[in-house]
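Undergrad:
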Amino acid sequence: LAMHEAKNLGGNQVFLFEDKLCDVAKQRLEMLQALNHSELDDEFQLYFQAQVDNQDNTIGAEVLLRWFHPTLGLVPPGQFIPVAEEGRQIIKIGLWVMHKAFLQAKAWNEKHGNIKISINISPIQFHEQSFAELVIGLVKFTRVNPSYITLELTESVLIRNTDLALQKIQHLVSLGFNISIDDFGTGYSSLSYLQKLPIHELKIDQSFIRHVPENPDDIAIVESIVRLAQTKNLGIVAEGVETQEQADFIRQQHNEILIQGYFYSKPCPAYEFEQNFLSVPKLQNKPT
Ligand code: C2E
Ligand code: MG
Ligand code: MG
Ligand code: MG
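Using UniProt numbering, you'd call the opening residue of the sequence shown number 428 and step up by one each time.
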């Protein structure tokens with residue numbers, strides 16, 4: 428289809444298009460090779476982004492992975508995660524992320540009190556047969572309390588292999604883990620899994636937040652997600668909140684929604700996150 432479209436654009440364009448294709452393929456290959464040879468501890472770093480309640484308390488953080496490659500530079504996760512999924516390096520990377528994140532969650536909870544750490548779980552990782560066992564192994568190894576940990580899954584995970592997915596999720600929930608649905612509303616439209624699965628939280632995707640409070644369609648979507656979450660007694664996180672207007676709109680919907688977005692903080696390294704969001708007494712914990 429791509430070539431067909433390219434040909435319709437005329438002779439020269441085809442070459443341009445092929446060059447571009449080549450660039451993309453070359454980039455992916457470079458990334459794939461780099462992923463195979465990268466030392467996780469040297470090149471990867473966990474960043475943290477605050478999740479803030481209506482009293483401006485930071486009560487959670489999402490872990491967002493950063494890859495600093497010696498020659499490729501800072502590669503954003505939107506670029507390398509799909510490549511790592513295709514090449515299955517995501518299994519090793521994901522395990523490394525969980526290990527680091529569990530240790531951080533344990534340390535911060537001992538030092539500062541209740542803070543939840545959310546971790547993105549790739550569908551490839553989740554569908555590994557041993558996923559639950561690996562997670563349990565890490566709990567024993569790090570001695571983290573699973574109730575401090577939220578696993579972020581996407582809707583696609585819950586649609587496919589529902590019975591197996593259900594077993595895994597039930598197992599993890601029985602140990603105390605929290606389950607969140609990331610990018611809610613952007614995946615499949617079937618909501619039947621919400622009836623079957625013991626889920627704790629929905630994350631409203633940033634694409635629905637971006638144009639509120641101007642866009643009536645997005646307002647309607649946000650309102651219905653909030654209503655759905657309330658009926659099912661689920662927590663809600665609004666992702667990608669950048670402005671005061673967006674924050675006000677969200678809090679008018681429901682005052683217990685957690686806000687995650689540049690309005691409060693960009694993702695930052697652990698020490699910076701701790702300094703800006705954890706080390707001050709909670710009541711003075713204002714946005715920076
Ligand atoms: P996500 O899980 O939906 O994470 C939210 C993304 O939105 C992050 O992008 C975050 O930096 C960005 N964001 C948060 N607030 C704002 C805002 O106010 N404005 C804008 N413009 N963006 C905002 P990031 O860090 O580039 O990560 C992109 C995606 O990569 C994540 O989307 C997640 O799907 C994936 N990812 C990141 N870390 C991991 C990881 O450790 N494992 C896996 N499997 N996936 C990861
Ligand atoms: Mg996420
Ligand atoms: Mg998301
Ligand atoms: Mg996303």
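The beta carbon of each residue, even a glycine, is placed where N, CA and C say it ideally should be.
The structure presented is a predicted model; accordingly, all values stated were derived computationally and were not measured.
1) Among Ile563, Glu555, Phe611, which one has its Cα closest to the Cα of Asn588?
2) Let me confirm a value: Leu565 is counted as buried when at least 16 other C-beta atoms fall within 10 Å, else exposed. Which label applies?
3) Under three-state DSSP, which class holds Gln454?
4) Return yes when the C-beta of Glu669 is under 7 Å from any heavy atom of ligand 3, and no when it is not.
5) Between residue 404 and the rest of its own chain, which residues show a CB-CB distance below 7 Å, the 5 nearest in sequence each way excluded?
6) Determine the closest residue to Val571 out of Ile542, Ala532, Ile551, Ser549, with distance taken between C-alpha atoms.
7) Does DSSP put Thr577 in a helix, a strand or coil?
8) Between the alpha carbons of Ile626 and Cys449, how many angstroms are there, rounded?
9) With respect to 7 Å, is the separation between the Cβ of Asn660 and the closest non-hydrogen atom of ligand 2 below this value?
10) Roughly how many angstroms separate the alpha carbons of Phe676 and Val649, rounded to a whole number?
11) Output yes or no for whether 8 Å exceeds the beta carbon distance between Val664 and Phe690.
12) Around the Cβ of Ser617, are there at least 16 other Cβ atoms within 10 angstroms (buried) or fewer (exposed)?
13) Nearest-angstrom Cα distance between Ile631 and Ile548?
14) Would you kindly report the start and end of the unbroken beta strand (DSSP E) that includes Asn642?
15) Please list the terminal residues of the continuous beta strand (DSSP E) segment that includes Tyr474.
16) Distance check for Leu685 and Gln482, CA to CA, integer angstroms please.
17) Mapping DSSP to helix, strand and coil, what is Ala433?
18) Considering Cα atoms alone, identify which of Ile546, Gly514, Ile520 is closest to Gln476.
19) Would you call the segment 633–650 and the segment 595–608 in contact, with 3 or more CB pairs under 8 Å?
20) Can you find a heavy atom of ligand 1 that lies under 7 Å from the Cβ of Asp644?
21) In the DSSP assignment, find the beta strand (DSSP E) that holds Leu685 and state where it starts and stops.
22) Leaving aside the five residues before and after Gly688 along the sequence, list all residues of the same chain whose C-beta is less than 7 Å from its C-beta, in chain order.
23) Which residues end up in the neighbourhood of ligand 2 when you take C-beta atoms closer than 6 Å to any of its heavy atoms?
24) Helix, strand or coil for Lys630, going by three-state DSSP, please let me know.
25) Taking the alpha-carbon of Tyr698 as reference, which of Gln622, Thr658, Trp535 has the nearest alpha-carbon?
TA: In short, the structure shows the following:
1) Of Ile563, Glu555, Phe611, the residue nearest in Cα terms is Glu555.
2) Classification for Leu565: buried.
3) helix
4) Residue side-chain check: Glu669 keeps its Cβ at 7 Å or more from all non-hydrogen atoms of ligand 3.
5) What the structure shows of the chain is the stretch from 428 to 715, and residue 404 is not part of that stretch, so it cannot be assessed.
6) Ala532
7) Residue state, collapsed to three classes: strand.
8) One C-alpha to the other measures close to 42 Å.
9) no
10) Looking at the backbone, the Cα of Phe676 and that of Val649 are separated by about 10 Å.
11) no
12) exposed
13) 17 Å
14) Counting along the chain, no beta strand (DSSP E) covers Asn642, and no H or E run does either.
15) 471–479
16) 10 Å
17) Confidence at Ala433 is low in this model, with a pLDDT of 43, below 50, so its placement is unreliable and no value can be given for it.
18) Ile546
19) no
20) no
21) 685–687
22) Residues of the same chain with a CB within less than 7 Å of the CB of Gly688, apart from the 5 flanking positions on each side, are Glu666, Gly667, Val668, Glu669 in chain order.
23) Glu489, Asn547, Glu579, Asp609
24) strand
25) Ranking Gln622, Thr658, Trp535 by Cα distance to Tyr698 puts Trp535 first.
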